[in-house]
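Taking it in order: structure first as structure tokens, then the write-up.
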Amino acid sequence: MFTRTKKRSLTVGAVLLASAVAFTLAGCSGGSSSGSSTGGSADGVKIGLITKTDSNPYFVKLREAAQAQATKDGATLIALAGAFDGDNEGQVAAIENLVSQGVKGILITPNSSSGILTAIKSARDNGVVVIALDTATDPEDAVDATYATDNKAAGVTQGKWVKATLGSTAPALVMLDGTPGGTVDTFRHDGFLEGFGIAEGSSEIVGQENTNGDQTKAQTAMENLLQRAPGVNALYTINEPAAAGAYEAIKAAGKTAQVTIGSIDGSCTGVANVKSGIIGATVMQFPAKMAEQGVDAVVKYASDGTKPSGFNDTGSQLITDKPVSGLDSKDTTWGADNCWG
Amino acid sequence: MSSATTAGLGGRDLTRARVSRILREPLLGPLAALVVAIIVFSIVSQTFLNPYNLSLILQQSVVVGILAVGQTLIILTSGIDLSIGSVAVLGTIVMAQAAGAGGPILALGATFAVCVVLGAVNGGLVTVLRLPPFIVTLGTFTAIQAATRLLAGSQTYQVPDGVLTLLGTSFRIGTFATTYGVVAMLLVYLVVWYALSQTAWGKHVYAVGGNITASKLSGIKSNRTLFSVYLATGVIAAVAAWAALGRIPNADPNAYQTANLDTITAVVIGGTSLFGGRGSVIGTLIGTLIVGVLRNGLTQAGVDSLYQNIATGILVIVAVAVDQFARRRSA
Numbered sequence: 001m002f003t004r005t006k007k008r009s010l011t012v013g014a015v016l017l018a019s020a021v022a023f024t025l026a027g028c029s030g031g032s033s034s035g036s037s038t039g040g041s042a043d044g045v046k047i048g049l050i051t052k053t054d055s056n057p058y059f060v061k062l063r064e065a066a067q068a069q070a071t072k073d074g075a076t077l078i079a080l081a082g083a084f085d086g087d088n089e090g091q092v093a094a095i096e097n098l099v100s101q102g103v104k105g106i107l108i109t110p111n112s113s114s115g116i117l118t119a120i121k122s123a124r125d126n127g128v129v130v131i132a133l134d135t136a137t138d139p140e141d142a143v144d145a146t147y148a149t150d151n152k153a154a155g156v157t158q159g160k161w162v163k164a165t166l167g168s169t170a171p172a173l174v175m176l177d178g179t180p181g182g183t184v185d186t187f188r189h190d191g192f193l194e195g196f197g198i199a200e201g202s203s204e205i206v207g208q209e210n211t212n213g214d215q216t217k218a219q220t221a222m223e224n225l226l227q228r229a230p231g232v233n234a235l236y237t238i239n240e241p242a243a244a245g246a247y248e249a250i251k252a253a254g255k256t257a258q259v260t261i262g263s264i265d266g267s268c269t270g271v272a273n274v275k276s277g278i279i280g281a282t283v284m285q286f287p288a289k290m291a292e293q294g295v296d297a298v299v300k301y302a303s304d305g306t307k308p309s310g311f312n313d314t315g316s317q318l319i320t321d322k323p324v325s326g327l328d329s330k331d332t333t334w335g336a337d338n339c340w341g
Numbered sequence: 001m002s003s004a005t006t007a008g009l010g011g012r013d014l015t016r017a018r019v020s021r022i023l024r025e026p027l028l029g030p031l032a033a034l035v036v037a038i039i040v041f042s043i044v045s046q047t048f049l050n051p052y053n054l055s056l057i058l059q060q061s062v063v064v065g066i067l068a069v070g071q072t073l074i075i076l077t078s079g080i081d082l083s084i085g086s087v088a089v090l091g092t093i094v095m096a097q098a099a100g101a102g103g104p105i106l107a108l109g110a111t112f113a114v115c116v117v118l119g120a121v122n123g124g125l126v127t128v129l130r131l132p133p134f135i136v137t138l139g140t141f142t143a144i145q146a147a148t149r150l151l152a153g154s155q156t157y158q159v160p161d162g163v164l165t166l167l168g169t170s171f172r173i174g175t176f177a178t179t180y181g182v183v184a185m186l187l188v189y190l191v192v193w194y195a196l197s198q199t200a201w202g203k204h205v206y207a208v209g210g211n212i213t214a215s216k217l218s219g220i221k222s223n224r225t226l227f228s229v230y231l232a233t234g235v236i237a238a239v240a241a242w243a244a245l246g247r248i249p250n251a252d253p254n255a256y257q258t259a260n261l262d263t264i265t266a267v268v269i270g271g272t273s274l275f276g277g278r279g280s281v282i283g284t285l286i287g288t289l290i291v292g293v294l295r296n297g298l299t300q301a302g303v304d305s306l307y308q309n310i311a312t313g314i315l316v317i318v319a320v321a322v323d324q325f326a327r328r329r330s331a
């Protein structure tokens, strides 16, 4: 009796595991990696892409653009991701697994600019070309090349626009930052202050909070900061979800006319928010360019051995319907045509 | 238990009893699942079954694999530890900072001290105040995570090569390259397996988890046993912190956010009962490897990570269902 039960449960376990695996494999072939295994000019070169997470629309756009470019070049794209912001272990495992699969190149948006350098080095030692997308590594030459927004410059543009819009009014600035210690976050933050024309720790900064770029957290943070600094008139946000969250809090406090909001990213939702007046201006990035240029670089390396190098700025663009003199900007119609996500 | 049933039986019956004993072995289900997974992936992917890749799976399992030993101990006492991963992350930050201040030996000492103290806090709250482990470790998890970020100043710290990254150093056995971290993981399993199966302490752990009242009535100092389990878990978390810096020589306060739950997954898939008193660390090792093989194999086969999570989720539910099924039949 007992024996039979155990035997059965054993069989049940094995069969269910097999079906779980089979189900997953089947799900894949119908879904995500409908890659181009058909050989083209690149003869089925394998390219790995590792994003920070696989849920953020920014990285979804990056992946789609990389996939499209890989298909065009006749290469195969294998897209992997960390499980959460800060998942160094997951990204290291992804690098190892891609090397094990024999990829020619790896495009990576590193979660930590220095945490995964050992794995990157070992990949490069194995003859794999490694390219950082969106976020540079520290030191920058830990990878072969970087294709990214110059986030410092983007922050400067954002700061200049907010300052110019404020005009002669004495600034009372609130800063809604992203994740503490993040490279991109630091660049944008510092760039904004430079463009705004004040130093870190100066008395014009009346409030500061980390939001992890999350709308809900940004709303809560802004609600609390408005209690402490009711006179706020300028707002820095790390990205557009943070701006949208902050706007909810500002609207509830009846202070929308008082606060100028500057943001950064260039998502389609963000551009729509600029159009409807929720955000004053945003600075658009071009993730598709990063992905396309990265894929092309790997394909080129595979065909003639040329390695890409250095920092390659994929540019940024100020989007607003309230242009200020001396700052190049495009309106939200242009923005809607060129946005991501 | 089995000796009683086999006593006085003839040759054929003895064989049958032996077979039935093997089949009653709760490790068999997980082991069969592991073998099935390895066979499936060897067929599906050309790159799965080479020594380099198999070594990768072991290396990728090290940190969660070590932490899962501590989780097994706690779950055997019918508790659960939601804080174990965050204790290890705090350990990495302490190690990195102390290394800068006083060298590697001091750093290791400080890490073990901090992790054991945190184990003692969990154990003290569970035994002295008699609070449910779920609540205690939920609270300490939140507090430790915040304390880690405060201590780190939200920065990551690079760790100098040497003693602190030792467990990431690789060496070769024939053509099979592996790391000292893998050896450390296997040692932790061996030591705890020995303590659980060959010592009185181990029998007490099972007794306390199976039925704490009965264990008290039979003269076991159940509080002392429980407390020792939490202390041991602190030591194990410190070893995991050391291994983590071997794998990634940067202490990052945001790392290993899912480690707490990953350990529970490994323990449950390995056949240890969430209701306490039944299971083994060998099962947990197999559970850890199943998850590692699934992740690696599905990646090699080109499956999206979200589908991998679905597969892992299904597996957890199957494992608990099998446990429940067996428990009901044997009751």
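So the protein sequences, as listed, match chains U and P.
Using full-length UniProt numbering, the first residue of the first sequence is number 1, and each one after it goes up by one.
Using full-length UniProt numbering, the first residue of the second sequence is number 1, and each one after it goes up by one.
Backbone N, C-alpha and C define an ideal beta-carbon position, used for all residues, glycine too.
Taking one C-beta from the region 150-165 of chain U and one from the region 304-321 of chain U each time, how about it: are there three or more such pairs within less than 8 Å?
-> Yes, since at least three Cβ pairs between the region 150-165 of chain U and the region 304-321 of chain U fall closer than 8 Å, the two stretches touch.
Is the distance from the Cβ of U/V45 to the Cβ of U/T71 below 9 Å?
-> No, Cβ-Cβ distance for U/V45 and U/T71 is not below 9 Å.
Test: P/V63 CB closer than 9 Å to a CB of chain U = Output row for P/V63: interface = yes.
In the DSSP assignment, find the beta strand (DSSP E) that holds P/S170 and state where it starts and stops.
-> Element bounds for P/S170: 170-173.
Please classify P/Y230: is it buried, with 16 or more other beta-carbons within 10 angstroms of its beta-carbon, or exposed?
-> It counts as buried.
For U/I261, does the count of other Cβ atoms within 10 angstroms reach 16, so buried, or fall short, so exposed?
-> Under this definition U/I261 is a buried residue.
Since I believe P/V114 is in contact with P/T140 (beta carbons under 8 Å), could you give me their beta-carbon distance rounded to a whole number of angstroms?
-> Not really, about 13 Å apart at Cβ, beyond 8 Å.
Have a look at U/G40 and U/V299 and give me their C-alpha separation to the nearest angstrom.
-> Caution applies to U/G40, whose pLDDT of 41 falls short of 50 and renders its modelled position unreliable; the model cannot decide the point.
Consult DSSP for P/A301 and reduce its assignment to one of helix, strand or coil.
-> In this structure, P/A301 counts as coil in the three-state DSSP scheme.
U/T269, enclosing alpha helix (DSSP H) - first and last residue | For U/T269, the enclosing alpha helix (DSSP H) stretches over residues 268-275.
When you check each C-beta in the region 107-120 of chain U against every C-beta of chain P, which residues fall closer than 7 Å?
-> Residues of the region 107-120 of chain U whose Cβ lies closer than 7 Å to any Cβ of chain P, in chain order: S112, S114, G115, I116, T118.
Taking Cβ positions, are U/N56 and U/V99 nearer each other than 9 Å?
-> No.
Would you mind sorting U/E96 into buried or exposed? The rule is 16 or more other CB atoms within 10 Å of its CB.
-> Under this definition U/E96 is a buried residue.
Enumerate in chain order the residues of its own chain whose CB-to-CB distance from P/I269 is below 7 Å, with the five nearest sequence positions on each side excluded.
-> In its chain, beyond the 5 residues on either side, P30, G287, I290, V291, L315, V316, A319 have a beta carbon closer than 7 Å to the beta carbon of P/I269.
Are U/A242 and U/L107 touching if we call contact CB-CB under 9 Å?
-> No; because the gap between Cβ atoms is not below 9 Å, this pair is not in contact.
Taking C-alpha atoms, which residue in U/I78, U/G280, U/D73, U/P110 lies nearest to U/Q91?
-> When each option's Cα is compared against that of U/Q91, the closest is U/P110.
Whole angstroms is fine: what's the gap from U/V60's alpha carbon to U/D54's?
-> Those two C-alpha atoms are separated by around 7 Å.
Going by DSSP, which residues form a beta bridge with U/I47?
-> Looking at the DSSP assignment, U/I47 forms a beta bridge with U/L77, U/G105.
Compare the C-alpha of P/Q300 against each of P/S45, P/A240, P/V183 and name the closest.
-> The shortest CA-to-CA distance from P/Q300 to any of P/S45, P/A240, P/V183 is the one to P/S45.
Under 9 Å between the Cβ atoms of U/Q215 and U/V232?
-> For U/Q215 and U/V232, no; Cβs fall outside 9 Å.
For P/G162, collect the residues of the same chain with a Cβ closer than 7 Å to its Cβ; drop the 5 residues on either side in sequence, then sort them by chain order.
-> Spatial neighbours of P/G162 in its own chain (CB-CB distance under 7 Å, excluding positions within 5 residues in sequence) are listed in chain order as P104.
Alpha carbon of U/K52 to alpha carbon of P/T199, nearest angstrom = The alpha-carbon atoms of U/K52 and P/T199 are separated by roughly 46 Å.
Whose C-alpha, out of U/F196, U/T146, U/H189, U/A172, is nearest the C-alpha of U/A164?
-> Of the listed residues, the one whose Cα sits closest to U/A164 is U/F196.
When you compare only the Cα positions, how much space is there between U/S32 and P/V303?
-> At U/S32 the pLDDT is 39, less than 50, meaning the model places this residue with poor confidence; the figure from the coordinates comes in the next sentence. As the crow flies, the alpha-carbon of U/S32 is around 8 Å from that of P/V303.
Can you list, in chain order, the residues of the region 72-98 of chain U whose Cβ is nearer than 8 Å to any Cβ on chain P?
-> Of all residues in the region 72-98 of chain U, I78, A79, L80, A81, A83, F84, D85, G86, D87, N88, E89, V92, A93, A94, E96, N97 have a Cβ within less than 8 Å of some Cβ in chain P.
So, U/C339 versus U/G245, is the Cβ gap smaller than 9 Å?
-> If you check the CB distance, U/C339 and U/G245 do not come in under 9 Å.
Name the chain U residues that come within less than 7 Å of P/Q155, Cβ to Cβ?
-> Near P/Q155 (Cβ distances below 7 Å), the residues of chain U are G181.
According to the Cβ coordinates, are U/P171 and U/E204 closer than 9 Å?
-> A contact, by the Cβ cut-off of 9 Å.
My understanding is that residue 336 of chain P touches P/V191, with C-beta atoms under 8 Å, so please give their C-beta distance in whole angstroms.
-> Residue 336 of chain P lies beyond the range of chain P shown here (1 to 331); nothing can be said about it.
Between the CA atoms of P/L298 and U/G35 - distance to the nearest angstrom = For U/G35, the pLDDT reaches just 38, beneath the cut-off of 50, and the residue's location in the model is therefore unreliable, although a value from the coordinates is still provided. Roughly 16 Å between the two C-alpha positions.
Does U/G35 have its Cβ less than 9 Å from a Cβ in chain P?
-> Here the model assigns U/G35 a pLDDT of 38, short of 50, so the residue's position is not dependable and the matter cannot be decided.
What residues are listed by DSSP as bridge partners for U/N210?
-> Under DSSP, U/N210 forms a beta bridge with U/D177.
Three-state secondary structure (DSSP) at P/S86?
-> Under the three-state reduction of DSSP, P/S86 is assigned to helix.
So, using beta-carbon positions, are U/T237 and U/V274 closer together than 9 Å?
-> No.
Confirm, please, whether the CB-CB distance from U/E209 to U/G159 is below 9 Å.
-> Not in contact: U/G159 and U/E209 (Cβ atoms no closer than 9 Å).
Should P/I84 be flagged as near chain U, meaning a C-beta pair shorter than 9 Å?
-> False, the Cβ-Cβ gap to chain U never drops below 9 Å.
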